[in-house]
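In this note's numbering, the protein residues as written are 732 to 801.
Comments concern the structure below.
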């Protein structure tokens with residue numbers, strides 16, 4: 732999974748890391764780990780909270796994070 736897509740989505744929504752953490756209820760440090768690729772397998776619950784905070788469909792978030800390996 733590619734956490735960079737969460738950062739891109741967050742920035743496109745004009746949200747700071749602090750704002751996303753506050754709205755989602757997920758800690759700022761954990762979101763940062765995901766975005767930087769240090770946490771490669773976040774739970775479905777965490778991803779669901781992030782998608783709701785970003786106001787995007789859960790499946791859209793999953794698709795944006797999926798890395799296609801060639």
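In this text, a Cβ means the ideal position worked out from N, Cα and C, and glycines have one as well.
Task: For residue 787, three-class secondary structure by DSSP - done: Residue 787 sits at position 56 when you count from the first residue of the chain shown. DSSP places residue 787 in coil when its eight states are reduced to three.
Task: For residue 778 and residue 772, the rounded distance between their alpha carbons - done: As a working mapping, residue 772 is identified with position 41 in the chain shown. As a working mapping, residue 778 is identified with position 47 in the chain shown. When rounded, the distance between both Cα atoms is 10 Å.
- [ ] If I'm right that residue 765 touches residue 737 with Cβ under 8 Å, what's the distance once you round it to whole angstroms?
- [x] If you number the chain shown from 1, residue 765 lands on position 34. If you number the chain shown from 1, residue 737 lands on position 6. Contact flag correct, Cβ pair sits at about 6 Å.
Task: Reduced DSSP secondary structure (H/G/I, E/B, other) of residue 746 - done: Residue numbering aside, residue 746 sits at position 15 when the chain shown is read from its first letter. In this structure, residue 746 counts as coil in the three-state DSSP scheme.
Open item on the list: Closest to residue 753 by C-alpha separation, out of 797, 796, 783, would be which residue?
Closed with: Start at 1 with the first residue of the chain shown, and residue 753 comes out as number 22. Considering only alpha carbons, the answer is 783.
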